Amino acid sequence: MKKLQLSGSRHFTSTLKALVVLCFTFFSSMTGAYAQAEMKKDPDVIGRWDITMEKDGKSQPSWLEVQKSGTHTLIGRFTYAFGSARPIAEVKPNSGKFTFSIPPQWEPGNRNMDFEFEVSGDKLTGSMVYTDGKTYSFTGVRAPKLIREKEPVWGAPIKLFNGKDTQGWHTDGKNQWVVEDGILRSLHSGANLITDKTFNDFKLHIEFRYKQGSNSGVYLRGRYEVQVIDTKSGEPEPINNQFSSVYGFLPPNKMMAKDPGEWQSYDITLVGRLVTIVANGTEVICRQEIPGITGGAINSNEGEPGPLLIQGDHGPIDYRNIILTPVK
Numbered sequence: 003m004k005k006l007q008l009s010g011s012r013h014f015t016s017t018l019k020a021l022v023v024l025c026f027t028f029f030s031s032m033t034g035a036y037a038q039a040e041m042k043k044d045p046d047v048i049g050r051w052d053i054t055m056e057k058d059g060k061s062q063p064s065w066l067e068v069q070k071s072g073t074h075t076l077i078g079r080f081t082y083a084f085g086s087a088r089p090i091a092e093v094k095p096n097s098g099k100f101t102f103s104i105p106p107q108w109e110p111g112n113r114n115m116d117f118e119f120e121v122s123g124d125k126l127t128g129s130m131v132y133t134d135g136k137t138y139s140f141t142g143v144r145a146p147k148l149i150r151e152k153e154p155v156w157g158a159p160i161k162l163f164n165g166k167d168t169q170g171w172h173t174d175g176k177n178q179w180v181v182e183d184g185i186l187r188s189l190h191s192g193a194n195l196i197t198d199k200t201f202n203d204f205k206l207h208i209e210f211r212y213k214q215g216s217n218s219g220v221y222l223r224g225r226y227e228v229q230v231i232d233t234k235s236g237e238p239e240p241i242n243n244q245f246s247s248v249y250g251f252l253p254p255n256k257m258m259a260k261d262p263g264e265w266q267s268y269d270i271t272l273v274g275r276l277v278t279i280v281a282n283g284t285e286v287i288c289r290q291e292i293p294g295i296t297g298g299a300i301n302s303n304e305g306e307p308g309p310l311l312i313q314g315d316h317g318p319i320d321y322r323n324i325i326l327t328p329v330k
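Residue 273 in the numbering used here sits at position 271 of the sequence shown, and the numbers go up by one each step.
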């Protein structure tokens, strides 16, 4: 009996050792596989892209954002040369390239806009089939983060509108802007008004007045539209497109629009991508990040200074007391 007990003990010990080794091997392999999954690099397409579209002999700015949804699906947002940012249900990998499709917003026709592109490092190249069925090419670069390391030091305020004429401004078409009794007026839809000077970070005070149902906008650096619109009595709009929003991106946290015909004001601070908007004396957006350009931007060169642009192609609008304080 003693010999049998000894033999059984040795067998038990051997089996136990084998089980320990097996478990160690199993957990090691699982840990390694998990680590590999954790270390798997996200595809280069993820991020934000400043796009230039070549269409009918002209360059048009656009913007694309791609991000992950869950573990393997890519989704996004796209801004065309006009209109607001619109969602992309899925950005699909396709033989080393990527594709997506979006329905028309303000574009003519009914067919979708279809996109195909490829990414190499920080550059993107592709083509778009427009709603007219024609194909146009585009290129893109990774959008800058525009993070400021230091708090801004402000310079001297600049009076952009002298109350007498449009000196220091130019238009992007036939000029319909006039000055009457110290008021800068666009009496009907026409060209946009653009400052000759360009700016980086700044604080802006601007006052405006619109008629019922009218619509305008103030473009910061010529790329980010702060919406000026009759939200109270005009046509219904999504919250991201209403009064004091950053068009298509950032809604106000409180609606401060006055009635048509009343003078109103914005006090706007733009530092990098961070914007604060005070509408008629109440802060409605506080240090929110503007993800990318809005429709109607002058270009997609987000890393460069840009002008102040006042939209004049959406109905009659009045402005006065336009004062900009640039960063030193």
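Backbone N, C-alpha and C define an ideal beta-carbon position, used for all residues, glycine too.
The structure displayed is predicted, hence computed values, not measured ones.
Exercise for the section: Can you give me the start and stop residues for the beta strand (DSSP E) that tyrosine 226 sits inside? Expected result: 226-231
Practice task
Determine the direct distance from the alpha carbon of asparagine 323 to that of proline 159, and round the result to whole angstroms.
Solution key: 12 Å
Practice task
Classify asparagine 242 as helix, strand or coil using the three-state DSSP reduction.
Solution key: Asparagine 242 carries a helical assignment under DSSP once its states are collapsed to helix, strand and coil.
Handout entry: Min CB distance phenylalanine 84 to chain C below 8 Å
Key = Protein chain content of the structure displayed is limited to a single chain, and chain C is not contained in it.
Problem - Reduced DSSP secondary structure (H/G/I, E/B, other) of histidine 172 - result: Correct three-state label for histidine 172: strand.
Exercise for the section: Give the secondary structure of isoleucine 53 by DSSP, where H, G and I count as helix, E and B as strand, and everything else as coil. Expected result: strand
Practice task
Check whether the Cβ atoms of valine 180 and lysine 330 sit closer than 8 Å, and answer yes or no.
Solution key: If you check the CB distance, valine 180 and lysine 330 do not come in under 8 Å.
Practice task
Let me know the beta strand (DSSP E) ranges lying completely inside the region 171-228, each 3 residues or longer, listed in chain order.
Solution key: 171-173, 179-182, 185-188, 195-197, 204-212 and 217-222
Problem - Validate contact between the region 202-213 and the region 285-300 using beta carbons, cut 8 Å, 3 pairs - result: no
Practice task
Within its chain, find whatever has a CB closer than 8 Å to the CB of glycine 215; leave out the 5 residues flanking it on each side and keep chain order.
Solution key: Asp232, Ser235, Gly236, Glu237, Pro262 and Gly317, listed in sequence order.
Practice task
Would you mind working out which of Ile292, Ile53, Ala281 and Leu311 sits nearest leucine 126, comparing C-alpha positions?
Solution key: Closest option to leucine 126, Cα to Cα, is Ile53.
Problem - Nearest-angstrom Cα separation, counted from lysine 256 out to isoleucine 287 - result: 9 Å
Problem - Stretch-stretch touch, CB-based, cutoff 8 Å, three pairs: the region 159-170 with the region 84-96 - result: no
Problem - 8 Å Cβ cutoff met for proline 307 and glycine 157 - result: no
Practice task
Please state whether DSSP places arginine 150 in a helix, a strand or coil.
Solution key: DSSP places arginine 150 outside both helix and strand once states are collapsed to three, so it counts as coil.
Handout entry: Helix, strand or coil at glycine 142 according to DSSP, with G and I counted as helix
Key = The answer is strand: DSSP assigns glycine 142 an E or B state.
Practice task
Return yes when the C-beta of isoleucine 324 is under 7 Å from any heavy atom of the ligand ADP, and no when it is not.
Solution key: Questions concerning the ligand ADP fall outside what the structure shown contains, since it holds no ligand whatsoever.
Exercise for the section: For lysine 99, name the three-state secondary structure that DSSP assigns. Expected result: In the structure shown, the three-state DSSP call for lysine 99 is strand.
Exercise for the section: Kindly indicate which three-state DSSP category serine 86 falls into: helix, strand or coil? Expected result: coil
Handout entry: Nearest to isoleucine 270 (by Cα), restricted to the options Thr284, Ala259 and Glu264
Key = Thr284
Handout entry: Coarse secondary structure for glutamate 40, derived from DSSP in three states
Key = With a pLDDT of 43 at glutamate 40, under the threshold of 50, the predicted position of this residue should be treated as unreliable, and no value is reported.
Problem - Run of the beta strand (DSSP E) containing isoleucine 319, from where it starts to where it stops - result: Taken as a continuous stretch (DSSP letters only), the beta strand (DSSP E) holding isoleucine 319 covers 319-328.
Practice task
Quick one: residues in its chain with C-beta nearer than 8 Å to the C-beta of lysine 176, no 5 flanking neighbours on either side, listed in chain order?
Solution key: Gly192 and Ala193
Problem - Buried versus exposed call for isoleucine 90 [16 or more other C-beta atoms within 10 Å across all chains shown] - result: buried
Handout entry: Residues that DSSP places opposite methionine 257 in a beta bridge
Key = None; methionine 257 has no bridge partner.
Practice task
Would you mind giving the Cβ-Cβ distance between threonine 137 and valine 131, rounded to the nearest angstrom? I have them listed as a contact below 8 Å.
Solution key: Beta-carbon to beta-carbon, threonine 137 and valine 131 are separated by about 5 Å, close enough to satisfy the 8 Å threshold.
Handout entry: Proximal residues to valine 230 (C-beta, below 6 Å), its chain only, five neighbours per side dropped
Key = Phe210, Ser218 and Gly219
Exercise for the section: Kindly indicate which three-state DSSP category valine 277 falls into: helix, strand or coil? Expected result: strand
Practice task
Using DSSP bridges, identify the partner residues of arginine 113.
Solution key: Arginine 113 is not bridged to any residue.
Problem - Residue of Leu189, Lys213 and Gln169 minimising C-alpha distance to isoleucine 196 - result: For the residues Leu189, Lys213 and Gln169, the minimum Cα distance to isoleucine 196 belongs to Gln169.
Exercise for the section: Return the CA-CA distance between glutamate 331 and tyrosine 212, expressed in angstroms with no decimal places. Expected result: Since the first and last residues shown for the chain are 3 and 330, residue 331 lies out of range.
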